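Line by line, the protein sequences give chains A and B. Taking our numbering, the leading residue of the first sequence gets 424, the next gets one more, and so forth. Taking our numbering, the leading residue of the second sequence gets 30, the next gets one more, and so forth. For every residue, glycine included, the Cβ atom is placed at its ideal position computed from N, Cα and C. As the structure is a prediction and not an experimental result, all values here were calculated from the model. Contents: one structure, followed by commentary.
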Amino acid sequence: MSALAHLFPSGVASYLAGGLFIGAGVALLFVLTGYIGGVSTFFSAVWSFFSRWHHFQQRGLLTSRNWRVMYALGMVLGAGVFTLTINHGHAFVTKVPPWQLLVGGLIGGFGARYSGGCTSGHGICGLGSLQKPSLAAVITFVVAAIITAHIVRALGGV
Amino acid sequence: MKEHDATSSLLSALLAGALFGFGLSLSGMVKPEVIFQFLLLRDFGLMLVMLSAATTVMIAYKIVPRLMSKPVFGTSFGVHPLQPTRRVVLGAVVFGIGWGISGVCPGPAIAGLGVGNWPVVYVIVGLMVGAWLEGRFTHRE
């Protein structure tokens with residue numbers, strides 16, 4: 424097996440093409456509106472509708488929450504278009520157990536907001552802006568996730 | 030605050046999000062199983078997704094502000110906000126642990142709804158609680 428096939432047993436085409444669409448979305452958002460298209464701020468922005476706590480009433484959240492909601496709706500819509508066209512209407516349902524999804528979501532949500540970005544905010548927008556803290560963040564969360572996934576697997580998780 | 034709510038900006042965000050969600054689905058990143066293939070070092074495709082997306086965005090962030098004085102529907106080009114490196118890295122450790130447990134990051138948690146991956150509701154609930162706790166924690170400091 425060649426090195427390429429060893430590193431990418433499912434090929435490279437769908438990864439590169441998918442990344443191009445993701446990048447095109449973030450780039451289009453920038454060209455049309457000037458906004459930086461990270462995703463995790465959405466979750467704090469949603470709280471600004473419900474919580475009077477001053478952290479969630481920051482100007483940055485109040486002025487961006489409407490477009491962030493639309494951005495999220497668009498993501499659902501785009502995934503739906505993929506499902507109905509390329510995937511011929513076949514849904515995908517994960518077999519990862521609910522406890523892993525819930526606990527991982529909670530820890531990940533805290534960390535992404537504390538860090539000021541997630542895989543999109545640091546991994547795409549931050550790297551796209553050539554910001555060193557974002558590069559440090561990407562290396563850090565990838566290493567932390569690799570170690571964690573191995574531990575979870577060793578403990579009997581998926 | 031008015032310009033932020035202009036219909037044109039909101040529709041732009043919807044369209045941009047749709048491209049993003051389509052790309053997350055096409056690349057397989059909406060499947061936690063594919064994320065775990067990367068995290069267990071069996072398939073490095075995720076690196077290609079990030080590389081191809083970040084390169085596209087880098088070109089746009091570099092070139093667009095030189096060609097246009099302002100965005101089509103906006104008043105100015107934003108920049109990814111810089112946080113203190115210590116905070117960024119500490120948060121990234123915590124985020125990585127969560128991501129390594131669930132196999133789902135915030136983008137695929139949202140886009141997952143569009144591919145019918147209903148268990149992402151658990152992740153979304155977790156992300157909401159996590160974001161709330163972060164808000165309380167940060168302003169306690």
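Return the Cβ separation of F124/B and G534/A in integer angstroms, given the expectation that the two are a contact with Cβ distance under 8 Å.
Indeed, because the Cβ distance is near 3 Å, the residues count as touching under 8 Å.
According to the Cβ coordinates, are S538/A and G107/B closer than 9 Å?
Contact: no.
Work out the CA separation of A428/A and R488/A for me, nearest whole Å.
Their backbone Cα atoms lie some 43 Å apart in a straight line.
Roughly how far, in whole angstroms, is the beta-carbon of G532/A from the beta-carbon of G159/B, given that I think they are within contact range, below 8 Å?
Contact holds; Cβ gap of about 2 Å.
Within 9 Å of any Cβ in chain B, is that where the Cβ of G579/A sits?
No - not a single Cβ of chain B is within 9 Å of the one on G579/A.
Hey, how far is the Cα of F479/A from the Cα of L485/A?
Those two C-alpha atoms are separated by around 8 Å.
At the level of alpha carbons, what is the spacing between V78/B and V575/A?
The alpha-carbon atoms of V78/B and V575/A are separated by roughly 24 Å.
Considering only residues of the same chain and omitting the five flanking positions on each side of I153/B, which have a CB-CB separation below 7 Å?
The residues are A138.
Less than 9 Å between CB atoms is the rule here; does R165/B satisfy it with respect to chain A?
Chain A, which has a Cβ nearer than 9 Å to the Cβ of R165/B, makes this yes.
Our contact map puts A47/B next to G446/A with C-beta atoms below 8 Å; I'd like the distance itself, whole angstroms only.
Not confirmed; about 14 Å, so no contact.
V133/B and G441/A: beta carbons closer than 9 Å?
Taking 9 Å as the Cβ cut-off, V133/B and G441/A do not qualify as a contacting pair.
Are the C-beta atoms of H511/A and some chain B residue less than 9 Å apart?
No, its Cβ sits nowhere closer than 9 Å to a Cβ of chain B.
Residues in the stretch 535-549 of chain A with C-beta within 9 Å of chain B's C-beta atoms, listed in sequence order?
Listed by position, the residues of the stretch 535-549 of chain A near chain B (Cβ gap below 9 Å) are A535, R536, Y537, S538, G539, G540, C541, T542, S543, G544, H545, G546, I547, C548, G549.
Short check: CB of M157/B to CB of V469/A, under 9 Å?
The answer is yes: Cβ separation under 9 Å.
Any contact between the stretch 562-580 of chain A and the stretch 87-103 of chain B? By contact I mean 3 or more CB pairs, one from each, below 8 Å.
Contact fails: fewer than three Cβ-Cβ distances are below 8 Å.
So A502/A and S54/B are in contact, right, with Cβ under 8 Å, and what is the actual spacing, rounded?
Right, their Cβ atoms sit about 5 Å apart.
Does the distance from the CB of F49/B to the CB of G551/A come in under 9 Å?
Not in contact: F49/B and G551/A (Cβ atoms no closer than 9 Å).
Judging by CA-CA distance, which residue of S37/B, V63/B, P135/B is the nearest neighbour of T517/A?
Nearest C-alpha to T517/A: V63/B.
If V118/B and A436/A are in contact, beta carbons under 8 Å, what's the gap, nearest whole angstrom?
Going by Cβ atoms, the distance from V118/B to A436/A rounds to 34 Å, so no, they are not a contact pair.
For a test of the three-state rule: what should DSSP assign to L156/B, helix, strand or coil?
L156/B falls in the helix class under three-state DSSP.
So which residues on chain B does Q523/A lean against when the C-beta distance must stay under 8 Å?
In chain order: I130, S131, G132.
Let me see if you follow: with CB-CB separation under 9 Å, is R576/A close to chain B or not?
Interface residue, yes.
Would you list, in sequence order, the uninterrupted beta strand (DSSP E) runs of no fewer than 3 residues that lie entirely inside the stretch 98-156 of chain B?
Counting whole runs of 3 or more residues, the stretch 98-156 of chain B contains no beta strand (DSSP E) stretch at all.
Using a Cβ-Cβ cut-off of 9 Å, state whether S81/B counts as contacting chain A.
Interface residue, yes.
Which class does G460/A belong to by DSSP, given the choice of helix, strand or coil?
Reduced to three states, the DSSP call for G460/A is coil.
Measure the beta-carbon distance from K60/B to F515/A and round it to whole angstroms, keeping in mind my assumption that it falls under 8 Å.
With a Cβ gap of about 6 Å, K60/B and F515/A count as contacting.
Keeping to the same chain, check which residues put their C-beta closer than 7 Å to that of F65/B; ignore five residues upstream and five downstream.
Excluding sequence neighbours, F65/B sits near G132.
So the candidates are I562/A, I547/A, A568/A, A567/A; which of them puts its Cα closest to the Cα of M87/B?
It is I547/A whose Cα lies nearest to the Cα of M87/B.
Spatial neighbours of Y438/A within its chain, please: C-beta separation below 8 Å, excluding the five flanking residues on both sides.
Cβ within range, chain order: F431.
Using a Cβ-Cβ distance cut-off of 9 Å, determine whether S98/B contacts chain A.
No - not a single Cβ of chain A is within 9 Å of the one on S98/B.
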